[in-house]
Amino acid sequence: MTYHRETRAVRMPAPDHVEGRPVGVPIYQTANYAFDDPTAVASAIAGPGGPYFYSGYSNPTVGVFEKALTDLEGGAAALATSSGTAAMSAVLHAVLRPGDHVVAQKALYGGTTAVIGDLTRNWGVESDFITADDAAELAAVLRPTTKVLVLEPIANPTSFVPDIAGLLAAARAAGVTTVVDNTFATPMLFRPIEHGADVVVHSATKYLGGHHDVVGGIAVFADADRHREAWQQALRFGSIMDPFSAWLVVRGLKTLPLRFERQCANAQYLAERLAGHSGVDAVHYPGLPEHPSHKRATTLIGGYGGTLAVEVAGGREGALRFIGGLRLVLDAGSLGGTETVAMHPATTSHRSMDDAALEAAGIGQGMVRIACGLEHPEDLWADLAAALN
Ligand SMILES: *Cc1c(COP(=O)(O)O)cnc(C)c1O
18 MTYHRETRAV
28 RMPAPDHVEG
38 RPVGVPIYQT
48 ANYAFDDPTA
58 VASAIAGPGG
68 PYFYSGYSNP
78 TVGVFEKALT
88 DLEGGAAALA
98 TSSGTAAMSA
108 VLHAVLRPGD
118 HVVAQKALYG
128 GTTAVIGDLT
138 RNWGVESDFI
148 TADDAAELAA
158 VLRPTTKVLV
168 LEPIANPTSF
178 VPDIAGLLAA
188 ARAAGVTTVV
198 DNTFATPMLF
208 RPIEHGADVV
218 VHSATKYLGG
228 HHDVVGGIAV
238 FADADRHREA
248 WQQALRFGSI
258 MDPFSAWLVV
268 RGLKTLPLRF
278 ERQCANAQYL
288 AERLAGHSGV
298 DAVHYPGLPE
308 HPSHKRATTL
318 IGGYGGTLAV
328 EVAGGREGAL
338 RFIGGLRLVL
348 DAGSLGGTET
358 VAMHPATTSH
368 RSMDDAALEA
378 AGIGQGMVRI
388 ACGLEHPEDL
398 WADLAAALN
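Okay, structure coming up:
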C-alpha cells in the first residue's frame, strides 16, 4: 500500500552502506533504535555490548571511541562519559560502599578530591591521602576495609611522579582496586594497565580531544565485570557520552600522537629557556634533570608531558602581572588543546586550599601553570620572555 505524504515524510529509509565502508567515522545522531525481532530487545537492555537500544546506554559513534581507547590502553572494555569527572564518579560510586576506605594521592585533580570529599561527608566512605612517593605509605594506612587506591602518574601543577609501579603492586597484593587518572600522561607515554592497574580514567576534554572544543571522559577497565558495574552506575547518573562529542574526540584522537609529541617538545623547550631567565625563581618540569621526579619519569614513564609550572619573582602579584602581560598565550583553565594556555593555580584551580595546604601541595603564590599547544616554540618563548621583562 502507498502511505500518505505525511507518513512518507516521517518514515524515510535509514541510510544504508552495503557497498563500501565509510572512512570517516559517521555520527550516529539517533537516540532510539528499532528492532525487527521483538525478542532481541531484552538482550539489548541487559548489558553493555548487546545490540544498540538507546543512546543513553550506548551508541555506535561512542563505541568507536571506547574501542579505540580500550586498544590504546590495553584494557578489556571502556565506558565513555559526558566528562572526565563523570567517569571518575561512575567508577568510584560503582566500587565503594558505606564503611569502605579509599586511599588517594595528595596531589590529585581538584575535581577528584571533591568527589572523594562528597563520598566521605555524605556516603559513609572513609579516606586517607598519601604523598605516594613510596609504596610503604600504602601499608601504613591500609585497613581491612580499604577498597580503592587513586593515583595520577603526572600530578598537576607540580609534575610530581608517584612511585606508581610500586604502589600498584602493593595494592594488588592487598586486593585493593586501583584507579589511575592518566589524563596528563596519555597512553602515548604511559599505559597503567600494563603495570597492573584495574581502571584507567581520562578527561577526554584535554589531550585526547585536543582542540578545546569538547567536554568528555572515559574509563578503561582491565576486567569486563568491573566495566559492567561502572556502566550501570553511569546509566543511573545519566552520564553516557553523546555521539557528537564522541565524534569530536575520535577526530582528535587520530592526531594525538603527533600533537602530543609537539606539546611535549614545546614544554621541554620552554622549561629550558625559562630555567635560564633571571625573572624566574623555579621551573617545575620533569624533563629538567634537577626536577625531583626526573629519574622516575625517565625510567617509568619515558617522557615528561606537555605541561610545566614556573615560580615567577614577586609572588602572587608577580604571577598575575606575568599572566596579564601575555599576548599569544591565553589565560584559560582547561588545557591539552592546540592553543597554549597559562593559569594561576593559587587563585583558580586550587583556590579552596589555605596557605598551609598549598605549601604541602608544593604550590606557591607565584606559581603559573603553562600547558603547551602546537604554536612554534620560539613564538611562545618570545611571548613569555616579553611578559617576564
Ligand atoms: C580536567 C581533568 C579532569 C576532569 O575532567 P573534566 O572532563 O573536566 O570533567 C580529571 N583529571 C585531570 C587530571 C584533569 O586534568
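According to the working numbering, the sequence shown is numbered sequentially starting from 18.
Glycine residues also receive a C-beta, built at the ideal position from the N, C-alpha and C atoms.
- Item | Pairwise C-alpha distance: Val142 and Val132 | 11 Å
- Query: If we ignore side chains and look at the alpha-carbon of each, how far apart do His308 and Gly41 end up?
  - Reply: 42 Å
- Message: Quick check: what's the CA-CA separation for Asp16 versus Pro68?
- Response: Nothing about residue 16 can be read from this structure; the chain reaches only from 18 to 406.
- Message: Given this structure, state the Cα-to-Cα distance separating Glu211 from Gly91, to the nearest angstrom.
- Response: 7 Å
- From Val112, Thr203, Asn199, residue whose alpha carbon lies closest to that of Thr162: Val112
- Message: Strictly by DSSP, which residues pair up with Gly234?
- Response: Thr98, Ser220
- Query: By a C-beta neighbour count over all protein chains shown, 10 Å radius and 16 as the cutoff for buried, is Arg279 buried or exposed?
  - Reply: buried
- Task: Return yes when at least one heavy atom of ligand 1 lies under 7 Å from the C-beta of Tyr321, else no.
- Result: no
- Using 10 angstroms around the beta-carbon of Glu83, count the other beta-carbons present and answer buried if the total reaches 16, otherwise exposed. buried
- Item | Runs of alpha helix (DSSP H) lying entirely within the region 233-318, each at least 4 residues, in chain order | 241-254, 260-270, 273-292
- Query: How big is the Cα-Cα spacing for Ser351 and Ala359?
  - Reply: 9 Å
- Task: Check each candidate in Asp215, Gly233, Gly213, Ala214 and name the one with the smallest Cα separation from Thr222.
- Result: Gly233
- Counting pairs of beta carbons, one from the region 339-357 and one from the region 382-396, are three or more of them closer than 8 Å? yes
- Segment limits, beta strand (DSSP E) that includes Glu143: 143-147
- Which residues does DSSP pair with Leu206 in a beta bridge? In DSSP, Leu206 forms no bridge with anything.
- Using a threshold of 8 Å, state whether the C-beta atoms of Ala186 and Gly226 are closer than that. no
- Task: Using alpha carbons as the reference points, say which of Arg313, Ser100, Gly381 lies closest to Pro362.
- Result: Gly381
- Please name the residue or residues paired with His118 in a DSSP beta bridge. Glu143, Thr163
- Task: For Ser99, count neighbouring Cβ atoms within 10 angstroms of its own Cβ and tell me buried if that reaches 16, exposed if not.
- Result: buried
- Could you tell me whether the Cβ atoms of Thr78 and Trp248 are closer together than 8 Å? no
- Residue from Val297, Gln122, Thr194 with nearest C-alpha to Ala404: Val297
- For Arg333, name the three-state secondary structure that DSSP assigns. helix
- Task: Given a cut-off of 8 Å, decide if Ala288 and Gly305 are closer than it, judged by their beta-carbon atoms.
- Result: The sequence given here places Leu at residue 305; Gly does not occur at that position. Cβ atoms of Leu305 and Ala288: closer than 8 Å.
- Can you tell me which of Ala156, His110, Ala157 puts its alpha carbon nearest to the alpha carbon of Asp3? The first residue shown for the chain is 18 and the last is 406, placing residue 3 beyond what the model contains.
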